[in-house]
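Remarks on the structure that follows.
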Amino acid sequence: MRNIRSFFTAAVCTAVLLSTGTATASTATTAAPSEYVSVAIESVIAYDLEESGHDEVYIKATGPSILPPTSQVVELWPDPNWNGRTMSLAQQRCAWTLHDYRCPRDRTVLVYGGPMKEPLFHASETVRLTLMEDDYIGDDLLLDQSIQLEPIEQTRFYEFERKTSGWHYVIHVRVDPRPSPW
Ligand SMILES: [Ca+2]
Ligand SMILES: [Ca+2]
């Protein structure tokens with residue numbers, strides 16, 4: 333259960349655009365900014381837990397997606413078909429889904445976070461990402477960040493961090509340009 337005290341103590345919340353990836357262009361043609369983008373989680377780092385022992389965490393993406401069609405809320409991570417609705421994380425664990433280089437090896441133990449979900453959005457939407465901790469009387473909100481999507485030519489990586497007196501989490505998000513689904 334969430335410690336109410338955490339509402340009133342200073343919290344650090346940062347959002348960083350880490351980098352744009354290098355497009356793997358096999359031709360000399362210039363890529364136009366993509367009208368659609370996909371959003372995926374690359375890693376979830378539990379530096380400090382909300383609960384003792386383990387946190388049962390998951391991430392939702394809220395925004396009108398194209399695929400899955402007309403979904404307002406997508407269960408972004410973990411994939412419910414892989415490991416159930418939540419993933420249990422101990423302290424100093426980094427759950428990676430595709431690129432383990434997003435996990436600080438000197439500070440964390442790597443654990444596999446399962447296959448990625450990659451919902452598709454119009455590149456003009458705002459997508460809200462919420463990291464939640466499963467709880468009996470309503471799940472706890474640990475991190476809440478939005479990304480204003482825009483047409484892009486190359487992959488972008490974002491880092492979001494929330495550090496409070498009760499917990500400390502970092503997530504890495506990947507946004508890829510995508511062709512039209514139709
Ligand atoms: Ca809780
Ligand atoms: Ca719990």
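Under the numbering used here, the first residue of the sequence shown is numbered 333, with each subsequent residue one higher.
All residues carry an ideal CB built from backbone N, CA and C; glycine is no exception.
Here the structure is a predicted model, which is why all the values come from computation and not from measurement.
| query | Where does the unbroken alpha helix (DSSP H) through TRP414 begin, and where does it stop? | reply | Locating residue 414 in the sequence shown gives position 82, counting from the first residue. Where TRP414 is concerned, the enclosing alpha helix (DSSP H) stretches over 412–415.
Compare the C-alpha of SER397 against each of GLU450, ASP467, HIS504, GLU485 and name the closest. What you label residue 397 is simply residue 65 of the sequence shown in a count that begins at 1. Closest by alpha carbon: GLU450.
Checklist entry - Which residues in the same chain have their Cβ closer than 8 Å to the Cβ of TYR368, if we skip the five residues on either side of it in sequence? => result Counting from 1 along the sequence shown, the entry for residue 368 is found at position 36. Answer for TYR368: ILE398, LEU452, PHE453, HIS454, ALA455, PRO509, ARG510, PRO511, SER512, PRO513, listed in chain order.
Worksheet item: What distance in whole Å lies between the Cβ atoms of SER375 and TRP428, which are believed to be in contact at a cut-off of 8 Å?
Response: Numbered from 1 along the sequence shown, position 96 holds the residue referred to as residue 428. Numbered from 1 along the sequence shown, position 43 holds the residue referred to as residue 375. Yes, TRP428 and SER375 are in contact; Cβ-Cβ is about 5 Å, under 8 Å.
When the Cα of TYR433 is compared with those of VAL344, THR346, CYS345, ILE503, which residue comes out closest? By 1-based counting over the sequence shown, the position of residue 433 is 101. For TYR433, the nearest C-alpha among the options comes from ILE503.
ask   = Which one of ILE391, VAL441, VAL507 has the shortest CA to CA distance from ARG488?
value = Sequence index remark: in the sequence shown, residue 488 carries index 156 (1-based). Per the Cα distances, VAL507.
Review point. So is the beta-carbon of ASP476 under 7 Å away from any non-hydrogen atom of ligand 2?
Key: As a position in the sequence shown, residue 476 is number 144, starting the count at 1. False, no ligand heavy atom lies under 7 Å from that Cβ.
Self-check item: Neighbourhood of TRP414 by C-beta distance below 7 Å, restricted to the same chain and skipping five residues each side
Solution: Position 82 of the sequence shown holds residue 414. Once the five neighbours on either side are set aside, the close Cβ partners of TRP414 are GLY446, PRO447.
**Asked** What number of angstroms, rounded off, separates the C-alpha of ASP387 from the C-alpha of VAL405?
**Response** Along the sequence shown, read from residue 1 onward, the residue named residue 387 stands at position 55. Along the sequence shown, read from residue 1 onward, the residue named residue 405 stands at position 73. Distance between the alpha carbons of ASP387 and VAL405: 22 Å.
Contact set, ligand 2 heavy atom to C-beta under 7 Å
GLU383, ASP387, GLU388, GLU465, ASP466, ASP467
- prompt: Roughly how many whole angstroms lie between the Cα atoms of HIS500 and GLU465?
  reply: Numbered from 1 along the sequence shown, position 168 holds the residue referred to as residue 500. Numbered from 1 along the sequence shown, position 133 holds the residue referred to as residue 465. Taking the straight line from one Cα to the other gives about 13 Å.
Can you list, in chain order, the residues of its chain whose CB lies under 7 Å from that of ARG425, leaving out five sequence neighbours each side?
Counting from one through the sequence shown, the residue named residue 425 turns up at place 93. Result list for ARG425: ALA378, THR440, VAL441, VAL443, in chain order.
*On the three-state DSSP scale, how would you describe ARG434?*
Numbered from its first residue, the sequence shown carries residue 434 at position 102. Looking at ARG434 - three-state DSSP - the assignment turns out to be helix.
Worksheet item: With distances taken from CA atoms, which of ILE484, GLN480, LEU474, VAL505 is nearest ARG494?
Response: Taking the sequence shown and counting its residues from 1, the one referred to as residue 494 is at position 162. Checked all of ILE484, GLN480, LEU474, VAL505; the closest Cα to ARG494 is LEU474.
Buried or exposed by the 16-neighbour rule on C-beta atoms within 10 Å, applied to LEU349: As a first step, residue 349 must be located in the sequence shown, where it is residue number 17. Label assigned to LEU349: exposed.
Practice item. Work out the CA separation of VAL389 and ILE373 for me, nearest whole Å. Key: Within the sequence shown, residue 373 is the residue found at index 41, counting from 1. Within the sequence shown, residue 389 is the residue found at index 57, counting from 1. Distance between the alpha carbons of ILE373 and VAL389 is about 13 Å.
Between which residues of its own chain and PRO483 is the CB-CB distance below 7 Å, once the five residues before and five after are set aside? On the sequence shown, position 151 is the one that residue 483 refers to. So the qualifying residues of the chain are PRO365, SER366, GLU367, ALA455.
Residue(s) in a DSSP beta bridge with ASP476: Looking up residue 476 in the sequence shown gives position 144. DSSP, once it has assigned bridges, lists THR462 as partnering ASP476.
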